[in-house]
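Note sheet for the following structure.
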Amino acid sequence: MKEHSLQFRFLMTVMSAILIITVFVGGFSIYEVDNYIQKETQNLVEVTCENEAVKINNIFKGMEKSVRIMENYVLSFFEGAADVENPNRQNEALQFADKMFVNVAKDTDGAIAYYLRLNPEISNSTAGIFFSKVDGGEEYVRFAPTDLAIYDRNDTEHVGWYWQPYDAGKPIWMTPYYNQNNNILMISYVVPLYCENMFIGVVGMDFDYTVLTEIIHEIKIYENGFAHLELNDVIIHDGSESTDGEALPGVPKEYLRVSEGLTNGMTLVLSADYDDIRQIRYDIAFKILFIVILFALVFSFFVTFLVKRIVKPLQKLIDASVKISKGDYDVEIAHSSIREINLLSTTFENMVVNLREYKQLQHRLAHRDSLTGLRNTTSYKGWVAGFDKQITEGGVSFGIAVFDINNLKETNDTYGHILGNELILAASRIICDTFKRSPVFRIGGDEFCVILQNRDLADIKMLFERFDAECSTTYIDTDNAKLPISIAKGLAQFIPNKDTQFSDVFARADNEMYKNKRLMKEANN
């Protein structure tokens, strides 16, 4: 009895100790993983909101550019105040604008109306042009210009497009408003026209607000996340306004909110459902808890017969658990000839693989460019910090090649952003194919950086020749022509005792790139 009692006490002591250790390690692992997920979720929502705001701002910039083209065209007809008051010049400007503006409007996404109105004080109350799409049609229909004299200047729907930019004295984005004539919610960008400080009139475009809402509806974080637009703390959603977030369809009771200002004065708000975030945390916690429970059950069942044989592999598992609880997933799981312990080790190893893959996924989301798959600016900053440290410590040798796509803006303006993205992808492929052994970063919309070391640094002349040859023979097919690939490049090498940080080398490479860009531009003229 004493022997059995001692064995029982020994086994209970061992199992109690193991149970305490596994509960502690499992709990601490859950705590660390939970903190990591919360931080990465916050970062993911912020990065997504920032990227989506850039996309929307690009749409606004395209709209503003179209109106600015119309503005410059009209002003080109008037050389001075006397010219402005000349009825013949006014009629000439209206006639030519009538023909030219339609082409600008057709090339502007979301445009539903365009107009030019002259100041009634130098002409008459209906002098101008006004074209609008009707009932969802694609063609622009001419309408008689609104008689400014018959409406109160505070009537936003009918004459706000004229008086608001006049009062502001500068181009403005009008607050989204509902137009009864078109039965549509729209936003307008209007520019006041001045010649020698004389107010000539206004030129502007109206845009379908659903162009924005369709983009907003596609923005989603996890399963139940959502996005919306706000203006002065008022939510604008599909034509309705609300100050209560829960008034929006599908809005959860609790959510993580991140916002980013837009160029037209509105705010993009991105919200992630806390239930989605909790579910991710619960799933990871369940896996950890499952491993802990399985570990305790299997070990307690076999501890009577395998205490000596399992102590060593068990200790290695415990050591691995401690590392995992600290966020270190680069561990090696020990296996045993005992089937059950080996099963435990395999299960634990699978958990480590899952956690490592999840960490790698989060790292890729934060460090990879969504369009090209190259390393992004976040990754670039980490490499810069590493090289700054090596420069301080000494013994480093490297070079920097900077590349910039020529004519990307003209390509976007002429062929659209889809073809512009193809140009970016083609450029990234050429750079990656040329510098296969070096890290390539996309550090701007049309700018790339390659950090050169070892063989690529030594063979840079040959690689640049190969790069130029590849650019000269690569084209992007359009409907009417083949679009050439033109990329400016610059190179700089780290100079010991002169360069004190990575940015010193980059600045020289960037300067060389701009010199090359100017030479390429002069060669093409």
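The number in my numbering is simply the position in the sequence shown, starting from 1, with 554 added. Glycine included, every Cβ here is placed at the ideal spot set by N, Cα and C.
Short of 7 Å in beta carbon distance, which residues of its chain neighbour residue i, apart from the five on each side in sequence? Order them along the chain.
{"i": "L672", "result": "Q644, A681, G682, I754 and G755"}
{"i": "M654", "result": "Y627"}
{"i": "S677", "result": "Q644"}
{"i": "R686", "result": "Before going further, note that residue 686 is Ser rather than Arg in the sequence given. Hits under 7 Å: I666, A667, Y694, V695, F697 and N736."}
{"i": "E496", "result": "Any property of residue 496 remains undetermined from this structure, which presents the chain solely from 555 to 1079."}
{"i": "M752", "result": "A635 and V638"}
{"i": "I770", "result": "A781, H782 and L783"}
{"i": "E557", "result": "In this predicted model, E557 has a pLDDT of only 45, less than 50, meaning its place in the structure is not dependable enough to derive any value."}
{"i": "T901", "result": "I845 and L848"}
{"i": "I623", "result": "V658"}
{"i": "M728", "result": "G714, W715, Q718, I741, S742 and V744"}
Pull up the CB-CB distance for residue i and residue j, whole angstroms please, since I reckon it's below 8 Å.
{"i": "F761", "j": "M617", "result": "6 Å"}
{"i": "Y934", "j": "I997", "result": "5 Å"}
{"i": "V599", "j": "A826", "result": "5 Å"}
{"i": "F1021", "j": "K1052", "result": "Contact flag wrong, Cβ pair sits at about 27 Å."}
{"i": "G723", "j": "P746", "result": "6 Å"}
{"i": "T965", "j": "G953", "result": "Contact flag wrong, Cβ pair sits at about 29 Å."}
{"i": "N605", "j": "S924", "result": "7 Å"}
{"i": "S982", "j": "L928", "result": "6 Å"}
{"i": "G664", "j": "V765", "result": "4 Å"}
{"i": "F1018", "j": "F957", "result": "In fact, because the Cβ distance is near 11 Å, the residues do not count as touching under 8 Å."}
Short of 8 Å in beta carbon distance, which residues of its chain neighbour residue i, apart from the five on each side in sequence? Order them along the chain.
{"i": "A1023", "result": "none"}
{"i": "S1057", "result": "V938"}
{"i": "D652", "result": "I683"}
Can you tell me which of the options puts its alpha carbon nearest to the alpha carbon of residue i?
{"i": "P674", "options": "S583, D689, D661 and P699", "result": "P699"}
{"i": "I666", "options": "S620, S679, N708 and V628", "result": "S620"}
{"i": "G970", "options": "C749, L1037 and L1011", "result": "L1037"}
{"i": "T710", "options": "F1060, I842 and Y732", "result": "Y732"}
{"i": "D1064", "options": "A1077, D967, K1075 and A1046", "result": "A1046"}
{"i": "R922", "options": "F957, V994 and K963", "result": "V994"}
{"i": "D1033", "options": "E1019, T968 and A1061", "result": "T968"}
{"i": "L1011", "options": "E1019, I770 and S951", "result": "S951"}
{"i": "F632", "options": "C749, C986, T932 and R1009", "result": "C749"}
Quick check: the Cα distance between residue i and residue j, rounded to an integer number of angstroms?
{"i": "I834", "j": "N1079", "result": "57 Å"}
{"i": "I738", "j": "W715", "result": "16 Å"}
{"i": "T1054", "j": "F941", "result": "10 Å"}
{"i": "T817", "j": "G634", "result": "32 Å"}
{"i": "I574", "j": "I591", "result": "26 Å"}
{"i": "S583", "j": "G815", "result": "38 Å"}
{"i": "T821", "j": "S813", "result": "7 Å"}
{"i": "K990", "j": "M740", "result": "49 Å"}
{"i": "L1096", "j": "A647", "result": "Summary: the structure shown does not reach residue 1096, with the chain confined to residues 555 through 1079, and so no result is reported for it."}
{"i": "L670", "j": "T988", "result": "51 Å"}
{"i": "F650", "j": "F684", "result": "14 Å"}
{"i": "A1077", "j": "N960", "result": "13 Å"}
{"i": "Y1068", "j": "V1004", "result": "16 Å"}
{"i": "L824", "j": "V713", "result": "34 Å"}
{"i": "I842", "j": "V876", "result": "13 Å"}
{"i": "D1000", "j": "I847", "result": "53 Å"}
{"i": "D830", "j": "I775", "result": "9 Å"}
{"i": "D588", "j": "V601", "result": "20 Å"}
{"i": "D706", "j": "I1041", "result": "55 Å"}
{"i": "F1060", "j": "K943", "result": "16 Å"}
{"i": "T662", "j": "N708", "result": "29 Å"}
{"i": "A607", "j": "N642", "result": "45 Å"}
{"i": "Y763", "j": "D721", "result": "24 Å"}
{"i": "E947", "j": "I1014", "result": "26 Å"}
{"i": "L1006", "j": "T926", "result": "20 Å"}
{"i": "T1027", "j": "A1035", "result": "15 Å"}
{"i": "S570", "j": "D884", "result": "29 Å"}
{"i": "G936", "j": "I945", "result": "14 Å"}
Classify residue i: buried if its beta carbon has 16 or more other beta carbons within 10 angstroms, exposed otherwise.
{"i": "I704", "result": "exposed"}
{"i": "I1049", "result": "exposed"}
{"i": "M1016", "result": "exposed"}
{"i": "E784", "result": "buried"}
{"i": "A939", "result": "exposed"}
{"i": "F840", "result": "exposed"}
{"i": "E800", "result": "A caution first: E800 carries a pLDDT of 45, below 50, which makes its placement in the model unreliable, though a value can still be read off. When all chains shown are included, E800 counts as exposed."}
{"i": "P719", "result": "buried"}
{"i": "N930", "result": "buried"}
{"i": "I984", "result": "buried"}
{"i": "N1070", "result": "buried"}
{"i": "S742", "result": "buried"}
{"i": "L1073", "result": "exposed"}
{"i": "I838", "result": "buried"}
{"i": "R1009", "result": "exposed"}
Answer yes or no: the CB of residue i versus the heavy atoms of the ligand HEM, is any distance below 7 Å?
{"i": "R671", "result": "For the ligand HEM, the structure offers nothing, since it holds no ligand at all."}
Short of 6 Å in beta carbon distance, which residues of its chain neighbour residue i, apart from the five on each side in sequence? Order them along the chain.
{"i": "M905", "result": "K841 and I845"}
{"i": "S679", "result": "D701, L702 and A703"}
{"i": "F614", "result": "T817 and N818"}
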